[in-house]
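J.: Residue numbers (this note's numbering): 55 to 302.
The beta-carbon is built from N, C-alpha and C at its ideal position, and this holds for glycine as well.
Have a look at the structure that comes next, please.
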């Protein structure tokens, strides 16, 4: 339980500072101590909480890219069902390795491409094409219900489209709210339904709120410079940790 508590505190603080990282940091710890369905349920609930706090408890103008949010949310719907099938068909260790692999690939691609738009380099302005957003949405939906680590593809897409730090942070939070609600619904109506350890949940809810509060000042410092690099290093480190946990 201590492992889950520490990971959740750090994860909430990092998501508060960078806009992503909660599931990437908390998932390896929760998957190590809980069964996959329990871990995914708790991750979705706590991720929903920290995103709600980020958007509505900070009392500031929001910078959500509404059109991008709509594309991701609608396109994610078919992916949610695919993710549930993955959740039912793989072991805990396989799920940890899958989570880590997805995270590492996305982070490494963005870091090696640098500040310039990486997706157009690979395909002549593909980042602006509606089909790209739809494809990202389907992938994000599948990741939501299979690993709960759904932020990296959205972040990559937003960075490629030239989003500012505040836009990345707020659009990610808004997307997580929509995706986590949809993900909880998808998990609830399939297989054994939602499953969450009440003791873990009671402990981790206030810890999540505390982490969000601690991460707020860090965002104000990062938005002046270094936001992108720090965000991507968080992604990469979490992916390595998840793969290591699944392979050991």
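Give me the Cβ distance between residue 234 and residue 133, rounded to the nearest whole Å; I'm assuming they're in contact under 8 Å.
T.: About 14 Å; that fails the 8 Å criterion.
J.: Where does residue 115 sit, in a helix, a strand or coil, going by DSSP?
T.: Annotated three-state conformation of residue 115 is coil, per DSSP.
J.: In terms of residues, what are the limits of the alpha helix (DSSP H) holding residue 297?
T.: 281-301
J.: Comparing C-alpha positions only, which one of 85, 75, 200, 263 sits nearest to residue 139?
T.: The shortest Cα separation from residue 139 among 85, 75, 200, 263 belongs to 200.
J.: Can you say whether residue 205 is buried or exposed, counting buried as having 16 or more other CB atoms within 10 angstroms of its CB?
T.: Residue 205 counts as buried, since no fewer than 16 other beta carbons sit within 10 angstroms of its beta carbon.
J.: Can you tell me which of 149, 209, 218, 191 puts its alpha carbon nearest to the alpha carbon of residue 131?
T.: 191
J.: Taking residue 234 as part of the alpha helix (DSSP H), name the residues at either end of that continuous run.
T.: 219-242
J.: Anyone know if the C-beta pair for residue 62 and residue 265 falls short of 8 Å?
T.: yes
J.: Measuring CB to CB, does residue 97 end up less than 8 Å from residue 249?
T.: no
J.: Straight-line CA distance for residue 112 to residue 55?
T.: Distance between the alpha carbons of residue 112 and residue 55 is about 29 Å.
J.: Taking only the alpha-carbon atoms, compute the straight-line gap between residue 214 and residue 229 and give it to the nearest angstrom.
T.: Using only the alpha carbons, I get a separation of about 17 Å.
J.: Compare the Cα-Cα distances from residue 276 to each of 66, 118, 223 and report the closest residue.
T.: 223
J.: Look at the alpha carbon of residue 197 and the alpha carbon of residue 121, and state the distance between them as a whole number of angstroms.
T.: 21 Å
J.: Quick check: residue 293 and residue 158, are their CB atoms within less than 8 Å of each other?
T.: For residue 293 and residue 158, yes; Cβs fall inside 8 Å.
J.: May I ask you to report which of helix, strand or coil DSSP gives residue 88?
T.: coil
J.: From the DSSP output, in three-state form, read off residue 154 for me.
T.: helix
J.: For residue 221, which residues of its own chain have a beta-carbon under 8 Å away from its beta-carbon, when the five flanking residues on both sides are left out?
T.: Answer for residue 221: 117, 118, 119, 212, listed in chain order.
J.: Three-state secondary structure (DSSP) at residue 78?
T.: helix
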